[in-house]
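Q: Here it is: the structure, laid out below.
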Amino acid sequence: MIQFMDSIGNRWCRQRHIINPTFTNAKLKLMSPLIADSINKFMENIEKEQFEEFDIYPYFKQLIMDII
Numbered sequence: 010m011i012q013f014m015d016s017i018g019n020r021w022c023r024q025r026h027i028i029n030p031t032f033t034n035a036k037l038k039l040m041s042p043l044i045a046d047s048i049n050k051f052m053e054n055i056e057k058e059q060f061e062e063f064d065i066y067p068y069f070k071q072l073i074m075d076i077i
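Numbering-wise, our numbering comes out as the position in the sequence shown, counting from 1, plus 9.
Given below as structure tokens:
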């Protein structure tokens with residue numbers, strides 16, 4: 010697995026060069042509705058828990074996978 014958060018030097022530069030085109034303003038604007046839909050689905054799932062104590066990890070995991 011590639012570690013982005015702790016990369017430095019040339020490795021960081023190469024990783025950023027590869028990933029950077031994904032995060033242009035235009036592409037992020039195109040993704041915004043999809044991200045909003047994923048967040049709305051996440052919130053609906055949370056509301057089903059009726060404010061009782063529960064493990065939120067699976068919900069966050071699914072949200073991140075939906076967004077990615």
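Glycine residues also receive a C-beta, built at the ideal position from the N, C-alpha and C atoms. If you're wondering where the values come from, they're calculated on a predicted model, not measured in any experiment.
With contact counted as at least three CB pairs below 8 Å, one residue from each stretch, are the segment 50-58 and the segment 26-37 in contact?
A: With the cut-off at 8 Å, the segment 50-58 and the segment 26-37 do not touch.
Q: Indicate the three-state DSSP secondary structure (helix, strand or coil) for residue 17 in the structure shown.
A: For the purposes of this step, residue 17 is taken as residue 8 along the sequence shown, with counting starting at 1. Reduced to three states, the DSSP call for residue 17 is coil.
Q: First and last residue of the alpha helix (DSSP H) that includes residue 75?
A: Locating residue 75 in the sequence shown gives position 66, counting from the first residue. Taken as a continuous stretch (DSSP letters only), the alpha helix (DSSP H) holding residue 75 covers 66-76.
Q: Report buried or exposed for residue 72, applying the criterion of at least 16 other Cβ atoms within 10 angstroms of its Cβ.
A: Counting from one through the sequence shown, the residue named residue 72 turns up at place 63. Buried, because 16 or more other Cβ atoms sit within 10 Å of the Cβ of residue 72.
Q: Given a cut-off of 7 Å on the beta-carbon distance, is the pair residue 77 and residue 44 in contact?
A: Taking the sequence shown and counting its residues from 1, the one referred to as residue 77 is at position 68. Taking the sequence shown and counting its residues from 1, the one referred to as residue 44 is at position 35. Contact: no.
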